[in-house]
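Chemist:
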Amino acid sequence: WSQTQGLEPVALSALRGRGIADLKVAIIRSAPPAFDELSIIGDLVTPGDVAVLVVPIDKAAPKGRIILPQVQTIRDLLDHQALALVVTERELPQALAGLRARPKMVVTDSQVFAKVEAETPAGVMLTSFSILFARYKGDLATLVAGARGIDRLQPGDRVLLAEACTHHRVEDDIGRVKLPRWLRQKVEGELNFTWSSGHGFPDDLSDYRLIIHCGGCMINRREMLARIARAQEAAVPIVNYGICIAHLMGILPRALSPFPELQAMLQNNYQTKECNAYAQ
């Protein structure tokens with residue numbers, strides 16, 4: 107009957123707790139189109155607010171353009187009648203000094219988080235494009251909670267770094283070079299890294315101690331939530347790049363300043379700025 111109706115059955119056992127993630131994935135993938143219609147940043151600003159966007163121009167930046175999350179964030183600000191001031195990290199002090207009033211928010215590329223955090227005045231909300239996309243594409247609360255998994259890593263643990271696209275890798279690539287280097291420094295030892303890209307997200311996640319996912323700009327929200335559900339079923343903590351970097355640099359509470367309810371999750375025993383050396 108299910109096949110004649112175009113439906114796919116999901117087998118589960120409430121008694122044994124089996125198949126729950128499969129059910130979640132099926133529900134997510136069956137959601138109506140409006141399920142994906144969220145705001146990246148527009149609900150965090152009001153008309154006339156200024157948002158400063160910090161966009162590094164480095165080897166990872168595509169020639170002649172900026173990357174998709176930055177483009178989409180600018181468009182969302184324009185759609186909500188807010189002002190977008192786009193600068194590189196070197197121009198940030200000049201930009202802040204030139205404004206008559208403090209901006210509502212500073213949004214940065216995660217790779218320059220430490221520098222931007224140090225130069226952003228107290229009282230100005232700070233976050234990253236990656237953290238905005240953690241909410242826009244996935245489940246921000248779950249990804250923030252996953253940051254504790256970083257602290258539990260031990261030398262020899264397996265870590266999955268997952269990217270939704272197959273972009274050309276560059277020297278000092280964030281997923282292939284920088285994050286592995288910072289994590290090795292964190293645990294003071296070697297880790298076993300596995301990389302996946304595109305649609306190659308592993309089916310079996312049980313051997314991993316941590317999953318670090320990209321911002322997911324090239325997949326829809328349903329697919330990102332399905333991947334998060336898979337990680338939860340395997341009881342493996344999952345974070346995205348921005349949350350991981352902010353946590354390693356000890357500034358995750360500040361990076362969540364637009365989301366005070368999530369800041370409260372981190373207030374107990376959070377050691378700030380413990381790892382700023384990783385930004386070097």
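Residue 386, in this note's numbering, is where the sequence shown stops; the numbers in between run on with no holes. For glycine and all other residues, C-beta sits at the position ideal for the given N, C-alpha and C. Keep in mind that this is a model prediction, so the values were computed, not measured.
Could you give the distance in angstroms between the alpha-carbon of D215 and the alpha-carbon of I180?
Modeler: Approximately 14 angstroms between the Cα atoms of the pair.
Chemist: Checking 8 angstroms against the spacing of the C-beta atoms, do V387 and V212 come in under that value?
Modeler: Absent from the structure is residue 387, since the part of the chain shown begins at 107 and ends at 386.
Chemist: If distances are taken between C-alpha atoms only, which option among G252, M324, E225, P343 comes closest to A203?
Modeler: Out of G252, M324, E225, P343, E225 has the C-alpha closest to the C-alpha of A203.
Chemist: Let me know the secondary structure DSSP gives F365 once reduced to three states.
Modeler: Three-state result, F365: coil.
Chemist: Please list the terminal residues of the continuous alpha helix (DSSP H) segment that includes V177.
Modeler: It spans 174–185 - the alpha helix (DSSP H) in which V177 sits, taken as one unbroken run.
Chemist: Could you tell me the boundaries of the alpha helix (DSSP H) in which I237 lies?
Modeler: 235–243 is the extent of the alpha helix (DSSP H) around I237.
Chemist: Which residue comes first and which comes last in the beta strand (DSSP E) that contains A253?
Modeler: Unbroken run through A253: none, as it is neither H nor E.
Chemist: Helix, strand or coil for F307, going by three-state DSSP, please let me know.
Modeler: In this structure, F307 counts as coil in the three-state DSSP scheme.
Chemist: Using CA atoms only, rank isn't needed, just tell me which of S236, I318, A340, I325 is closest to L362.
Modeler: Among S236, I318, A340, I325, the Cα nearest to that of L362 is on S236.
Chemist: What does the alpha-carbon distance come out to for the pair I357 and A117?
Modeler: Each residue's alpha carbon lies about 43 angstroms from the other.
Chemist: Would you kindly work out how many angstroms separate the C-alpha atoms of R425 and V345, rounded to a whole number?
Modeler: For the chain, the structure presents residues 107 to 386; residue 425 sits outside this window and is missing.
Chemist: Whose C-beta lies closer than 7 angstroms to the C-beta of R290 among residues of the same chain, with five residues either side of it excluded?
Modeler: Cβ neighbours of R290 beyond the five flanking positions: E296, L297.
Chemist: Can you tell me where the alpha helix (DSSP H) holding E329 begins and where it ends?
Modeler: From DSSP, the alpha helix (DSSP H) with E329 extends over 327–339.
Chemist: If you check the beta carbons only, do V230 and L198 fall under 8 angstroms apart?
Modeler: Going by C-beta atoms, V230 is not nearer than 8 angstroms to L198.
Chemist: Report buried or exposed for P168, applying the criterion of at least 16 other Cβ atoms within 10 angstroms of its Cβ.
Modeler: That one is exposed.
Chemist: Whole angstroms are fine: how far does the CA of D149 sit from the CA of P364?
Modeler: Going by the C-alpha atoms only, they are around 10 angstroms apart.
Chemist: So if DSSP puts A190 in a beta bridge, which residue, or which two residues, is it bridged to?
Modeler: Answer is A157, bridged to A190.
Chemist: Should R254 be labelled buried (16 or more other beta-carbon atoms within 10 Å of its own) or exposed?
Modeler: Exposed: under 16 other Cβ atoms inside 10 Å.
Chemist: How many angstroms separate the CA atom of G123 from the CA atom of T248?
Modeler: Taking the straight line joining both Cα atoms gives about 20 angstroms.
Chemist: How long is the line joining the alpha carbons of I349 and Q338, rounded to whole angstroms?
Modeler: Cα to Cα, the separation comes out at about 17 angstroms.
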